[in-house]
Amino acid sequence: MSTQTLSARAELTSRISLAQTARHSLALAGRGVTKFMKSPIQLVDVILTPIISLLMFIYLFGDAMSGGDTDGYLRLVTPGVMVMAVFQASIGIGASLCADASTGIFDRFRSLPIARSSPLIGAVLADIVRYVVCLGTLVVLALVMGYRVETGPVAALAALALLVGFALSFSWISIYLGMLIKNPASVQGLMTILILPLTFASNVFIPRDGMAGWLQAWSDVNPVSLVADAVRGLLNGGPVAGSLAGTFAWMAGVIVVFFPLAMRAYRKNAG
Numbered sequence: 001m002s003t004q005t006l007s008a009r010a011e012l013t014s015r016i017s018l019a020q021t022a023r024h025s026l027a028l029a030g031r032g033v034t035k036f037m038k039s040p041i042q043l044v045d046v047i048l049t050p051i052i053s054l055l056m057f058i059y060l061f062g063d064a065m066s067g068g069d070t071d072g073y074l075r076l077v078t079p080g081v082m083v084m085a086v087f088q089a090s091i092g093i094g095a096s097l098c099a100d101a102s103t104g105i106f107d108r109f110r111s112l113p114i115a116r117s118s119p120l121i122g123a124v125l126a127d128i129v130r131y132v133v134c135l136g137t138l139v140v141l142a143l144v145m146g147y148r149v150e151t152g153p154v155a156a157l158a159a160l161a162l163l164v165g166f167a168l169s170f171s172w173i174s175i176y177l178g179m180l181i182k183n184p185a186s187v188q189g190l191m192t193i194l195i196l197p198l199t200f201a202s203n204v205f206i207p208r209d210g211m212a213g214w215l216q217a218w219s220d221v222n223p224v225s226l227v228a229d230a231v232r233g234l235l236n237g238g239p240v241a242g243s244l245a246g247t248f249a250w251m252a253g254v255i256v257v258f259f260p261l262a263m264r265a266y267r268k269n270a271g
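Going by full-length UniProt numbering, the first residue of the sequence shown is number 1, and it counts up by one from there.
Written out as structure tokens, the structure is:
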């Protein structure tokens, strides 16, 4: 692409209004949703992972970990599995953007009269569909297994919104790695290395009191434990103020650090 063409492109995109940016982003979000619909295999991980996890921990480990109180363990582990599932689902956007970068799709976007940020915003908006499918699958399965929300519809919706917000905030780490690394498999591998220790060194599957002393101290500040406690409070009843404050602090910290890094790496790839 010539220097004159690049200059003309930059001048054109600089004139695009916020309303046009929003329209372009929604159109590209629709592209992402269409990709999911035409290739449902992309949704298999966000459907099968929560199903397998919940069934395994209730029916395989439930009696041993709960002392025979399977119903009580279902109340404990269902919100935790929700956190784990959406956290794992946040890996997908980084790998997807990495794949797009390797196929040259960004070059096509660069030739279009659209806002430069629209492809990224559209990808983030489309990824919300994956989180909703993931949580919807878990909610239906948990209800079938006997789980019941003990608060109310407003608190339940607030819990689901918190989970989506948590996944979106941590997805900026995945986006940054996706723009930095040229191999989608490597993005998934690195994000898994991050997610697994955070998840299994938390109170998602066992109560805090059942952990070693040093692990309790880590669980108290672990973002996965904090959001799990907040979701439990919103769904099962109980205090939520402290865990919500900690969750929002982690979400804000991740966004403050990784959003600018991801945007800089994206601009470098998008040209």
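Don't be surprised by glycine CBs; every beta carbon is placed ideally from N, CA and C.
The structure displayed is predicted, hence computed values, not measured ones.
Buried versus exposed call for residue i [16 or more other C-beta atoms within 10 Å across all chains shown]
| i | result |
| --- | --- |
| arginine 148 | exposed |
| methionine 251 | buried |
| tyrosine 176 | buried |
| tyrosine 59 | exposed |
| proline 184 | buried |
| isoleucine 114 | buried |
| arginine 232 | buried |
| glycine 72 | exposed |
| lysine 268 | exposed |
| leucine 168 | buried |
| threonine 34 | exposed |
| alanine 27 | exposed |
| arginine 116 | buried |
| alanine 241 | exposed |
| leucine 12 | Confidence in leucine 12 is poor, its pLDDT being 45 and thus under 50, which makes the residue's placement too unreliable to answer from. |
| leucine 18 | exposed |
| arginine 75 | buried |
| leucine 157 | exposed |
Near the ligand ZN: residue i beta-carbon under 6 Å from a heavy atom
| i | result |
| --- | --- |
| isoleucine 173 | Because no ligand of any kind appears in the structure shown, any question about the ligand ZN cannot be addressed here. |
Nearest-angstrom beta carbon gap, residue j and residue i [assumed within contact, 8 Å]
| i | j | result |
| --- | --- | --- |
| proline 50 | leucine 162 | Not quite, the Cβ-Cβ distance comes to about 17 Å (not below 8 Å), so this is no contact. |
| valine 187 | isoleucine 128 | Going by Cβ atoms, the distance from valine 187 to isoleucine 128 rounds to 19 Å, so no, they are not a contact pair. |
| tyrosine 131 | alanine 99 | Actually they do not touch by this definition, with Cβ atoms about 19 Å apart. |
| serine 25 | serine 102 | Going by Cβ atoms, the distance from serine 25 to serine 102 rounds to 22 Å, so no, they are not a contact pair. |
For residue j and residue i, the rounded distance between their alpha carbons
| i | j | result |
| --- | --- | --- |
| tryptophan 172 | leucine 143 | 32 Å |
| glycine 136 | alanine 64 | 28 Å |
| leucine 55 | arginine 108 | 44 Å |
| threonine 78 | proline 153 | 17 Å |
| methionine 191 | leucine 112 | 32 Å |
| phenylalanine 166 | lysine 182 | 26 Å |
| alanine 85 | isoleucine 195 | 10 Å |
| asparagine 236 | cysteine 134 | 20 Å |
| phenylalanine 170 | leucine 244 | 16 Å |
| alanine 159 | valine 44 | 23 Å |
| leucine 120 | tyrosine 266 | 8 Å |
| glycine 80 | leucine 234 | 12 Å |
| tryptophan 214 | isoleucine 47 | 34 Å |
| alanine 10 | glycine 32 | Reliability fails at alanine 10, whose pLDDT of 48 lies under 50, so the model's placement of it is uncertain and the value that follows must be treated cautiously. The straight-line gap from Cα to Cα measures roughly 25 Å. |
| cysteine 211 | serine 219 | In the sequence on display, residue 211 carries methionine and not cysteine. If you take the alpha carbons of methionine 211 and serine 219, they lie about 9 Å apart. |
| glutamine 216 | proline 207 | 10 Å |
| isoleucine 193 | glycine 62 | 26 Å |
| methionine 37 | alanine 29 | 13 Å |
| leucine 180 | glutamine 20 | 28 Å |
| aspartate 209 | glycine 178 | 38 Å |
| proline 260 | leucine 97 | 16 Å |
| glycine 146 | methionine 263 | 43 Å |
| valine 256 | glycine 238 | 30 Å |
Min CB distance residue i to chain B below 7 Å
| i | result |
| --- | --- |
| leucine 48 | Checking the listed chains, one finds no chain B in this structure; it contains a single protein chain. |
Exercise. Count the CB pairs spanning the stretch 223-234 and the stretch 191-208 that are closer than 8 Å, and state whether there are at least three.
Key: In short, these stretches touch, since the Cβ pair count reaches three.
Quiz prompt | At least 3 beta-carbon pairs within less than 8 Å: the stretch 93-100 vs the stretch 119-138 | solution = The stretch 93-100, when compared against the stretch 119-138, does touch it at the 8 Å Cβ threshold.
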